[in-house]
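A quick write-up on the structure given underneath.
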Amino acid sequence: MEKFKNVMSRPVPLNSAHVDTDQIIPKQFLKRIERTGFGQFLFFDWRFNDDGSPNEKFILNDLRFKNSEILLAQENFGCGSSREHAPWALRDYGFKVIISSSFADILYNNCFKNCILPLVLNEKDLEYLFESTLNFNDYMLNIDLEKNLLADNKGFKIYFDIDSFRKKCLLEGLDDISLTLEHSEKIDMYEKKL
Amino acid sequence: MAPLTLFEKIWKNHVVHEEKGKPSLLYIDLHLVHEVTSPQAFEGLRQAGRQVRRKDKTFATMDHNVPTIDRYNIKDPISLQQIETLSSNCKEFDIELFDLNSPYQGIVHVIGPEQGLTRPGQTIVCGDSHTSTHGAFGALAFGIGTSEVEHVLSTQCLWQNKPKTFEVRVDGKRQSGVTAKDIILSIIGEIGTAGATGYVIEYTGEAIRSLSMEQRMTICNMSIEGGARAGMISPDETTINYLKERPRIKNIENLEQLINEWRNLASDEGSEFDKKLILNADKMAPQVSWGTSPGMVSGIDSKIPNPNDIEDSVKRKSTEDALSYMGLKPDTCIEDIKIDTVFIGSCTNGRLEDLIAASKVIQGNKVPSNINAIVVPGSQIVKIKAEQLGIDKIFKDAGFDWRESGCSMCLAMNPDKLSPGERCASTSNRNFEGRQGKGGRTHLVSPVMAAAAAINGRFTDIRSLDLDLGDY
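Chains as they are written, first to last, in the numbering used here: chain A, 1 to 194; chain B, 1 to 472.
Written as structure tokens, this is what we have:
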């Protein structure tokens with residue numbers, strides 16, 4: 001897997017709670033048999049009008065946040081279906097970090113498998129990020145995973161919590177299956193008892 | 001020994017490797033596979049030159065893309081490609097497949113229990129969030145992503161952080177017409193769609209114990225809609241009676257011993273949970289969802305909430321957005337909502353008891369001509385058994401379409417879908433925007449409530465019809 005590097009970007013503020021994976025990638029795009037090319041379908045029903053033109057009211061189409069690598073969302077991001085097409089689409093579109101006050105379980109897990117850092121912040125800090133990125137046109141956020149550091153260009157700085165094992169996997173781009181195969185003997189032993 | 005919960009017993013029995021500060025490596029007893037979330041996993045195996053470690057613990061079926069009118073005539077070329085890809089992958093990796101020609105084909109969470117693949121004490125995974133269904137048998141069952149599907153195919157194990165435990169106790173006795181679906185919708189309404197994130201729920205209490213296996217599956221199925229990693233119910237005589245006649249179980253040599261082991265899995269007296277919620281079924285009303293998440297739900301005898309009454313700004317905005325999408329006005333009586341379409345089916349409510357109960361409501365009635373109503377059995381076995389009982393005839397006489405098994409309109413990956421603005425009384429599990437088709441408006445209800453809505457063209461309190469629904 002690709003290694004996670006520092007991210008510096010103006011975050012895009014998606015002011016919705018309980019964004020489900022059916023919105024992140026609608027079901028008509030789940031039929032591909034590849035892992036790639038899903039970015040064009042990200043938030044499809046919100047991003048595009050019925051005639052295929054971009055929905056200008058949707059925040060991802062706001063030019064101020066073009067090419068952003070950090071997505072801000074309200075609580076319980078990624079609930080619903082287990083489809084890994086959701087993080088495939090998010091990553092392929094260009095997002096490397098998603099920040100919310102909480103994530104749904106399966107999507108949270110799936111992010112780590114796809115070199116996306118899902119960051120949980122408290123509501124106050126999240127609110128600050130939402131306001132700042134809307135208020136300052138030069139707003140930039142820096143995420144340094146090695147140091148657990150989130151800092152902006154306005155003097156705001158916090159150290160975030162992240163599971164140390166998951167952090168290591170992201171930074172080193174470790175492949176889960178290879179890690180597991182190091183324990184092959186233990187799996188063999190377990191199976192002998194069955 | 002300290003008393004343990006069902007979850008703790010299963011977890012302990014499946015840890016292959018653990019280290020402080022890391023997730024545990026868990027052994028997986030049963031891996032179910034379907035066509036949508038597996039192609040990239042098989043491709044990953046091929047690229048790395050890896051094999052499927054335990055073919056005997058891996059089973060596949062096709063359900064999401066399957067047309068329910070003419071199943072052999074898949075017009076969408078991409079759907080067809082997914083179906084064919086699963087067939088060729090199962091052939092290449094030598095995995096048992098319940099394909100469109102199999103008399104046992106059906107929705108993955110219907111056929112696992114039906115065949116007796118699902119058993120108490122197992123760890124069960126599938127690339128599908130409704131895998132929680134299998135927890136009804138006292139298994140630890142949860143949905144995984146495609147990377148994890150590949151991981152399980154290749155290693156038969158999974159890295160998991162240990163979730164916390166949550167007891168949801170439902171005391172009391174349901175009124176007639178209040179079903180398992182209404183219990184689980186009430187629970188989600190109470191805790192919210194993220195209320196159980198990070199937890200495994202065990203459902204306990206008199207109102208749960210009195211449910212049949214099929215109804216217990218409805219409860220566990222929707223655990224994920226409350227954010228839970230899994231939902232489970234301790235095995236008891238109801239579980240054992242259901243399982244001992246199943247095709248893959250009835251001929252097991254030491255079945256009696258196995259059954260005793262199942263009995264011992266139930267949570268011990270005095271075992272403790274990290275979190276607890278107690279509800280009472282006595283006062284529960286049949287539920288109808290009015291918004292765009294399964295937590296946005298009310299009793300049939302109440303009104304749609306008014307966003308102006310909500311203090312929390314994020315919650316208020318969610319409610320406003322939901323009502324705008326659903327085309328509903330605040331303070332409308334639920335019974336005044338008219339519907340266009342009725343869908344009875346899905347892994348939540350597409351089993352035989354669901355169809356029997358709905359048919360009792362339909363019997364002798366007609367669906368108005370402006371309403372489109374379909375019934376989609378959860379599996380070919382459900383379909384055949386229902387036809388043997390003459391249930392198909394009751395539905396057809398009333399004006400329902402009687403279909404072949406599959407996921408159908410639950411997620412609109414096949415030809416069954418809603419048009420923009422079309423309003424549906426649905427027995428499925430998700431009312432997200434566009435879930436049943438772009439612009440479609442979904443109201444989640446029980447099969448008997450869906451049936452009553454089909455006849456009256458609007459939501460109707462099933463209790464007012466005064467029908468004998470037996471134990472359903």
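Every residue gets a Cβ at the ideal spot worked out from N, C-alpha and C, and that includes glycine.
Predicted model, so just to flag it, every value in this text is computed and none were measured.
If contacts are defined as beta-carbon pairs under 8 Å, then residue i and residue j qualify, I think. What distance do you get, rounded to the angstrom?
i: B:Gly-382; j: B:Gly-106; result: Position check: residue 382 of chain B holds Val in this sequence, whereas Gly was assumed. The pair is a contact, with the Cβ atoms about 7 Å apart (cut-off 8 Å).
i: B:Ile-219; j: B:Ile-183; result: 6 Å
i: A:Gly-7; j: A:Ile-143; result: Note that residue 7 of chain A corresponds to Val in the displayed sequence, not to Gly. A:Val-7 to A:Ile-143, Cβ: 4 Å. Contact.
i: B:Pro-77; j: B:Met-217; result: With 8 Å as the limit, B:Pro-77 and B:Met-217 do not qualify as a contact, their Cβ atoms being about 34 Å apart.
i: B:Ile-240; j: B:Glu-202; result: 18 Å between Cβ atoms; not a contact.
i: B:Ala-136; j: B:Arg-174; result: With a Cβ gap of about 17 Å, B:Ala-136 and B:Arg-174 do not count as contacting.
i: B:Met-413; j: B:Asn-65; result: 5 Å
i: A:Ala-86; j: A:Asn-110; result: 7 Å
i: B:Pro-286; j: B:Val-168; result: Actually they do not touch by this definition, with Cβ atoms about 19 Å apart.
i: A:Leu-72; j: A:Phe-130; result: 6 Å
i: A:Leu-126; j: A:Ile-99; result: 7 Å
Below 8 Å between beta carbons: does that hold for residue i and residue j?
i: B:Leu-153; j: B:Val-36; result: no
i: A:Leu-90; j: A:Leu-30; result: no
i: A:Ile-115; j: A:Leu-170; result: The displayed chain sequence assigns Cys, not Ile, to residue 115 of chain A. In this structure, A:Leu-170 lies closer than 8 Å to A:Cys-115 by Cβ.
i: B:Ile-462; j: B:Val-367; result: no
i: A:Gln-74; j: A:Ser-9; result: no
i: B:Phe-343; j: B:Met-409; result: yes
i: B:Gln-380; j: B:Tyr-199; result: no
i: B:Ile-28; j: B:Leu-211; result: no
i: B:Gly-457; j: B:Ile-337; result: no
i: B:Ser-132; j: B:Asn-221; result: yes
i: B:Thr-442; j: B:Ala-452; result: no
i: B:Ile-224; j: B:His-130; result: yes
i: B:Pro-67; j: B:Pro-415; result: yes
i: B:Ile-300; j: B:Pro-330; result: no
i: B:Leu-86; j: B:Phe-59; result: no
i: A:Lys-147; j: A:Leu-117; result: no
Report yes or no: is there a C-beta of chain B within less than 8 Å of the C-beta of residue i?
i: A:Asn-61; result: no
i: A:Glu-84; result: yes
i: A:Asp-22; result: yes
i: A:Cys-115; result: no
i: A:Arg-35; result: yes
i: A:Asp-176; result: yes
i: A:Asn-67; result: no
i: A:Ile-187; result: yes
i: A:Asp-105; result: yes
i: A:Asp-45; result: yes
Taking buried to mean at least 16 other C-beta atoms within 10 Å of its own C-beta, is residue i buried or exposed?
i: B:Pro-235; result: buried
i: B:Asp-449; result: Per the sequence shown, residue 449 of chain B should be read as Met rather than Asp. B:Met-449 is buried by the Cβ-count criterion.
i: B:Glu-433; result: buried
i: B:Cys-333; result: exposed
i: B:Gly-421; result: exposed
i: B:Gly-227; result: buried
i: A:Asn-122; result: exposed
i: B:Ala-48; result: exposed
i: A:Pro-54; result: exposed
i: B:Tyr-72; result: exposed
i: B:Lys-250; result: exposed
i: A:Asp-152; result: buried
i: B:Pro-39; result: buried
i: A:Tyr-159; result: exposed
i: B:Lys-9; result: buried
i: B:Asn-89; result: buried
Let me check one thing: in DSSP terms, what residues is residue i bridge-paired to?
i: A:Asn-142; result: A:Met-8, A:Ala-151
i: A:Val-97; result: A:Ile-70, A:Leu-117
i: B:Pro-368; result: B:Pro-368 pairs with nothing; no bridge assigned.
i: B:Lys-385; result: The partner list for B:Lys-385 (beta bridge, DSSP) is empty, contrary to what the question assumes.
i: B:His-17; result: B:Leu-25
i: A:Tyr-108; result: According to DSSP, A:Tyr-108 bridges with nothing at all.
i: B:Met-232; result: B:Glu-202
i: B:Thr-85; result: Paired residues: none, contrary to the question.
i: B:Cys-126; result: B:Leu-32, B:Gly-143
i: B:His-151; result: According to DSSP, which records beta bridges pairwise, B:His-151 is partnered with nothing at all.
i: B:Cys-90; result: Answer is none; B:Cys-90 lacks a bridge partner.
Spell out whether any CB of chain A is found under 8 Å from the CB atom of residue i.
i: B:Ser-289; result: no
i: B:Ser-79; result: yes
i: B:Val-87; result: It should be pointed out that residue 87 of chain B corresponds to Ser in this sequence rather than to Val. Judged by the 8 Å Cβ criterion, B:Ser-87 is not in contact with chain A.
i: B:Ala-194; result: yes
i: B:Gln-47; result: no
For the region 405-426 of chain B, list every residue whose C-beta sits within 7 Å of some C-beta in chain C, in sequence order.
Within the model displayed, chain C is absent; protein chains A and B are what it includes.
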